[in-house]
Each structure stands twice: as structure tokens, then as C-alpha cells.
Amino acid sequence: MNLLRMPDIIQVPLPGSLDDRVGNGMMDIVVCCLSLMSTNWVGMILEARRILKHDGELRIAEVTSRFVDVDLFVTFIKSIGFSNPTKDQSNTHFILFKFKKLPLTLAKNQRDSSSVDLLNPQSKLELIQTGQKLLKPCIYKRR
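Residue 14 in full-length UniProt numbering sits at position 14 of the sequence shown; the count goes up by one each step and never skips.
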């Protein structure tokens, strides 16, 4: 019998739904600090959106060298239903972002034609595939 269970950040046991009409999340803020290193980092962003309250804040701190294109990353996060971020690139090693969660109806009005239907499972798969092209893999140096 296996008594150990690997935690999965994309299945946080908190209320909320990607469909804002069904249920609102309970978190005021979600912080992703070097936590987008997994291959399913998009799933983590979707989970953050699910558990955030309306107007909740998503903060991301990530290693600068991982970004293929910072502007494409921002556009991608906005397509998932977040507002224009504040972006801090003053540090040479890290980029800091602050996004606000938009209700899906408002998000659709403020997003461009590249926006996705978060309630469609096929759209989620496409998001994950797109996300893999936006952040470079983490490469660890042995010391």
C-alpha cells in the first residue's frame, strides 16, 4: 500500500471554478515565485485563476533567462483572463509581474481574437502546447 502521495499544485483543494458564473474563488492573491518550472506551468496559472476571487491578484516572479519573449508571455496570460500587468524588470535576474483576474465576460471583451474558451478541454490542451513555447526549460548547474 502506497501511503505517500505526490502533491499536485494544479489541484488545490479550495473552492472556485474556471466558470465565474458557477463559483468564485476564495483567494485574494496567488504568488508564483519560481513555481512555473514544471512542464505544465499553464495548468498552474489556470489553477491560480480558478481559486482567485474576482479582481484577485496574480503575482509572478520568474527567472529572466527563461522567457522567449516577455511581451508574448504577457499576451498569453491576458488571454487566460487577466488584465494588463505591472511589470518590473529592474532586477537583472528576475522579472516580476502583477495581474488582476477579470471575470470571463469582461475578459472576453478586453481580449483580442486570440482569446481562448477556458471551459473547453481542447482549448486547455492548446494553451499547454502554446505555453511550452513561451518559457525555456530550467537548466540546473551542478556546483
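Just so it is clear, CB atoms sit at the ideal spot from N, CA and C, and this is done for glycine as well. Small disclaimer: the values here were computed from a predicted structure and weren't measured.
- Leaving out five residues before and five after Val-30 in sequence, what residues of the same chain have Cβ atoms less than 8 Å from its Cβ? Ala-48, Ile-51, Leu-52, Gly-56, Glu-57, Leu-58 and Arg-59
- Assign Asp-71 to one of three DSSP states: helix, strand, or coil. helix
- Message: Can you find the residues in the same chain that come closer than 7 Å, C-beta to C-beta, to Asp-117, ignoring five residues on each side of it along the sequence?
- Response: Ser-123
- In or out: Arg-66 buried (at least 16 other Cβ within 10 Å) or exposed? By the neighbour-count rule (16 or more Cβ atoms within 10 Å), Arg-66 is buried.
- Outcome for Leu-134 when other beta-carbon atoms lying within 10 angstroms are tallied against a minimum of 16: buried
- Message: Less than 9 Å between the beta carbons of Thr-130 and His-93, yes or no?
- Response: no
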